[in-house]
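Numbering (this note's numbering), first residue to last: 8 to 542.
Note that CB positions come from ideal geometry on N, CA and C, so glycine has one too.
All of these numbers come straight from a predicted model, not from anything done at the bench.
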C-alpha cells in the first residue's frame, strides 16, 4: 500500500509538474511588459509561487521561468550568449529558491492573519530581496564593470522594484491560494470596489492631467481607498485595493500622462502599502478577537443561566426541605401537646385525687416529689414545644412575638436590656419567612446570652415592598465581646442561620464591628399584593 501511494504521488508529480511550470512561465511572460526600474511584479510572482508551492515543483517552476526569459531575450534581440544567461537570468531565481528553502525550514508560513505573521513574512521578503539584489549587483559588476555610483543606483532601483512587486503580488496570491474569501465577503469587496475604488481612480485620472502639484497629490489620494479597504475588509481588502490602485496609477502614467514615475513615488507606495497591510491584518486580528470574546460571552451567559437555574433548584429544594421540616415540627408539637400534655395532666389529676390518702399514710414527701417531677416535665415539654413550633408566633403574630414573647423573657432573665424597632406589615411575607425571621432572632438572642457577655441586645425589623416584591431587613446587634478572630464560617449557630437564609434566597451579612456582633439579613417574599390584601 505504501509503495502504491508513493508511485501514485510520483506519477502525479511527473504529469502535473510540467503543467505547473508551463502555467507559471506564461504568467511570468505576461508580467514582463510591466517591468520598470522601480517596479518588478515578476519578482513578487516568483516569490509568491515558490512560497506557496511544494518543493517538488520548484524545479519545474524555475525551469519554466528560465525558458520564458530566454525566449523573451531572443525575441527582443537581447541575446548575448551563454554569459548573459548565466550572469543575468539564472542567479536571481536560484537565490530566491535558496532563501525560501532556508526560511521554510525556519517555519515561515504563507499567512497574514495577524501583524506578527505579516511582520515575519515581510522581514523574510526583505531578506530575500536583499540577497537577490546583491547577487544581481555582483553579476552586473562582473559583466559590465560599472562604476560604484552607477552600481549603487542600479542596486537601489532593483531593491525597491523587487520589494514593491513582492508587496503587490504576494498577498493576493496567498489570498487566492490559501485564504479565499467567502461569497459574502467577495460580494462586499466588489460592491465597495464599485462605490469607492472606481470613483477614486476617476479622480486620479482627472488630477493627473493637471500640473505637477495636483499630480503628486493624486498619487497620495489614490492610496486613501487602501486605508478604507484595510479597515473594512482586513488584509485581503488592503492587498487587493493596493494592487488595483497601483495598477491604475501605472496605467494612467503610461497611457494618459506618459510620465515615468520616480523612485520617490514607488518608495511612498512601498511604505504606505506595508502600513496598510499591517493595518489590515491588525483589523482582522481584532475582529477575530472580538468574535471570540462574543462567543465566550454567549457561552458564559448560557453557563450563568444554567448556574442560576441550578441555584434556583437548590434554593427551592432547600426551601422545600425547610418547609417539610417545619411541617414535621408542627406535627410533632401537636402530637406531643395532645398526647404527652394530656397524659401529664391526667397524672397530675390522679395525684391530686390520691393526695389525701397519701397524706394520711404519712407519704407527704412522695406527693411533693411527684408534683416537682411533673412540674419539671411540663416546663421541659413547654420548651420542647416552643423549639419545635413557637406557639407565641401563632398566638401573637410576628411583631408581638418579637417584642413581647419569650425573647424578651430570656433577656430579662439574663439581665440584658432588649430594644426593638419594628416597622411594616408582616402579612406581606410568606409564613416560612415569618418563621425564619423569628427563629433567626431567637438564635441570635440565645447566642448573645450564652457567649456575648453583653449588657444590651438590639433588634430592628423593617418590612416593605419594592417593585412588587416584599422585602424584610433584619438588623441584629449586641455590645458583647464579639467573635474570635478566626471563626470557620461563623461557627455552628451562625452557620445554621446562614444556611436558613440561603435556602430562602436571602442575603446574610456578618458585619465587622469594634464591639459585639452585628448581623444584617435581607429576605425577599414572592407573595403577591392581591393575596395580602385579602388577609
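task: Identify the continuous alpha helix (DSSP H) that holds residue 189 and give its terminal residues.
output: Stepping through the chain shown from its first residue, residue 189 is reached at position 182. Premise fails: residue 189 is in no alpha helix (DSSP H) and is neither H nor E.
- prompt: For residue 70, which residues of its own chain have a beta-carbon under 7 Å away from its beta-carbon, when the five flanking residues on both sides are left out?
  reply: On the chain shown, residue 70 is found 63 positions in, with the first residue counted as 1. Closer than 7 Å at Cβ, skipping near neighbours: 28.
- prompt: If we call anything under 8 Å between Cβ atoms a contact, is residue 450 one with residue 504?
  reply: Counting from one through the chain shown, the residue named residue 450 turns up at place 443. Counting from one through the chain shown, the residue named residue 504 turns up at place 497. Yes.
message: According to DSSP, is residue 23 part of a helix, a strand, or is it coil?
response: Here residue 23 is taken as the residue at index 16 of the chain shown, counted from 1. DSSP places residue 23 within a helical segment (H, G or I) once states are collapsed to three.
- prompt: Where do the N-terminal and C-terminal ends of the beta strand (DSSP E) with residue 485 fall, by residue?
  reply: To locate residue 485, count along the chain shown from 1; it is residue 478. Per DSSP, residue 485 belongs to the beta strand (DSSP E) from 476–485.
message: Which of the three DSSP states is assigned to residue 532 in this structure?
response: Here residue 532 refers to the residue found at position 525 of the chain shown. Looking at residue 532 - three-state DSSP - the assignment turns out to be strand.
message: Between which two residues does the beta strand (DSSP E) holding residue 424 run?
response: For the purposes of this step, residue 424 is taken as residue 417 along the chain shown, with counting starting at 1. Note, residue 424: beta strand (DSSP E), 424–430.
message: For residue 53, report the span of its alpha helix (DSSP H) as first-last.
response: Here residue 53 refers to the residue found at position 46 when the chain shown is read from its first residue. Per DSSP, residue 53 belongs to the alpha helix (DSSP H) from 48–59.
- prompt: Leaving out five residues before and five after residue 179 in sequence, what residues of the same chain have Cβ atoms less than 7 Å from its Cβ?
  reply: Position 172 of the chain shown, counted from the start, is the residue given in the question as residue 179. Closer than 7 Å at the Cβ level, and outside the excluded window around residue 179, lie 246, 247, 250.
field: Start-to-end residues for the beta strand (DSSP E) that takes in residue 471
entry: Against the chain shown, residue 471 aligns to sequence position 464. It spans 463–473 - the beta strand (DSSP E) in which residue 471 sits, taken as one unbroken run.
query: Quick one: what's got a C-beta closer than 7 Å to residue 427's C-beta in the same chain, skipping five residues either side?
result: As a first step, residue 427 is located in the chain shown; it is residue number 420 there, counting from the start. So the qualifying residues of the chain are 409, 410, 466.
message: If I follow the unbroken beta strand (DSSP E) through residue 415, where does it start and stop?
response: On the chain shown, residue 415 is found 408 positions in, with the first residue counted as 1. Premise fails: residue 415 lies in the alpha helix (DSSP H), 413–421, not in any beta strand (DSSP E).
field: Neighbourhood of residue 389 by C-beta distance below 6 Å, restricted to the same chain and skipping five residues each side
entry: If you number the chain shown from 1, residue 389 lands on position 382. Taken in chain order, the list of residues that qualify is empty.
Opposing strand residues paired with residue 517 [DSSP bridges]: Your numbering for residue 517 matches position 510 in the chain shown. Bridge partners of residue 517: 526.
- prompt: Taking Cβ to Cβ, would you say residue 53 is nearer than 8 Å to residue 100?
  reply: Against the chain shown, residue 53 aligns to sequence position 46. Against the chain shown, residue 100 aligns to sequence position 93. At a Cβ-Cβ threshold of 8 Å, residue 53 and residue 100 count as neighbours.
For residue 310 and residue 318, the rounded distance between their alpha carbons: Here residue 318 refers to the residue found at position 311 of the chain shown. Here residue 310 refers to the residue found at position 303 of the chain shown. When rounded, the distance between both Cα atoms is 12 Å.
message: Any contact between the stretch 135–145 and the stretch 289–298? By contact I mean 3 or more CB pairs, one from each, below 8 Å.
response: no
- prompt: Which of helix, strand or coil does DSSP assign to residue 300?
  reply: Residue numbering aside, residue 300 sits at position 293 when the chain shown is read from its first letter. Residue 300: helix per DSSP, three-state reduction.
- prompt: Are the beta-carbon atoms belonging to residue 236 and residue 199 less than 8 Å from one another?
  reply: Position 229 of the chain shown, counting from 1, holds the residue named residue 236. Position 192 of the chain shown, counting from 1, holds the residue named residue 199. Yes.
query: Given residue 354, which residues of its chain have a CB within under 7 Å of its CB, disregarding the five upstream and five downstream residues?
result: Mapped onto the chain shown, residue 354 falls at position 347. 381, listed in sequence order.
task: My understanding is that residue 399 touches residue 421, with C-beta atoms under 8 Å, so please give their C-beta distance in whole angstroms.
output: Position 392 of the chain shown, counted from the first residue, corresponds to residue 399. Position 414 of the chain shown, counted from the first residue, corresponds to residue 421. So it is not a contact: roughly 18 Å between Cβ atoms.
message: Starting from residue 543, trace the alpha helix (DSSP H) in both directions and tell me its first and last residue.
response: The structure shown does not extend to residue 543, since the chain is modelled only from 8 through 542, so no value can be given for it.
message: Alpha carbons only, please: which of 313, 252, 170, 192 is nearest the one belonging to residue 206?
response: Position 199 of the chain shown, counted from the first residue, corresponds to residue 206. With distances taken between Cα atoms, residue 206 lies closest to 252.
- request: Go ahead and pull the three-state DSSP assignment for residue 15.
  value: Counting from one through the chain shown, the residue named residue 15 turns up at place 8. Interpretation of residue 15 is limited by its pLDDT of 45, a score under 50 that renders its predicted location unreliable; the figure taken from the coordinates is listed afterwards. Of the three classes helix, strand and coil, the one that applies to residue 15 here is helix, per DSSP.
- prompt: Which residue from 413, 412, 372, 351 puts its Cα closest to that of residue 383?
  reply: Against the chain shown, residue 383 aligns to sequence position 376. For the residues 413, 412, 372, 351, the minimum Cα distance to residue 383 belongs to 351.
- request: Tell me whether residue 543 is buried or exposed, calling it buried when 16 or more other Cβ atoms sit within 10 Å of its Cβ.
  value: Past the boundaries of the shown model lies residue 543; the chain is included only from 8 to 542, so the question cannot be answered.
Test item: CB-CB of residue 518 and residue 507 under 8 Å: For this step, residue 518 is matched to residue 511 along the chain shown. For this step, residue 507 is matched to residue 500 along the chain shown. No. Outside cutoff.
- prompt: Among 478, 80, 313, which has the Cα closest to the Cα of residue 432?
  reply: Counted from its first residue, the chain shown places residue 432 at position 425. Among 478, 80, 313, the Cα nearest to that of residue 432 is on 478.
message: Can you tell me where the alpha helix (DSSP H) holding residue 460 begins and where it ends?
response: One-based indexing of the chain shown puts residue 460 at position 453. According to the DSSP assignment, residue 460 belongs to no alpha helix (DSSP H), since it is labelled neither H nor E.
Three-state secondary structure (DSSP) of residue 402: The count along the chain shown starts at 1 and reaches residue 402 at position 395. Helix at residue 402.
- request: Helix, strand or coil for residue 407, going by three-state DSSP, please let me know.
  value: Locating residue 407 in the chain shown gives position 400, counting from the first residue. Of the three classes helix, strand and coil, the one that applies to residue 407 here is helix, per DSSP.
message: Nearest by alpha-carbon distance to residue 397: which of 321, 75, 339, 113 is it?
response: Counting from 1 along the chain shown, the entry for residue 397 is found at position 390. Checked all of 321, 75, 339, 113; the closest Cα to residue 397 is 339.
- prompt: With respect to the alpha helix (DSSP H) encompassing residue 445, which residues constitute its N-terminal and C-terminal limits?
  reply: Translated into positions along the chain shown, residue 445 becomes position 438. Residues 438–454.
task: State the Cα-Cα distance for the pair residue 474 and residue 413, rounded to the nearest angstrom.
output: Mapped onto the chain shown, residue 474 falls at position 467. Mapped onto the chain shown, residue 413 falls at position 406. Roughly 35 Å between the two C-alpha positions.
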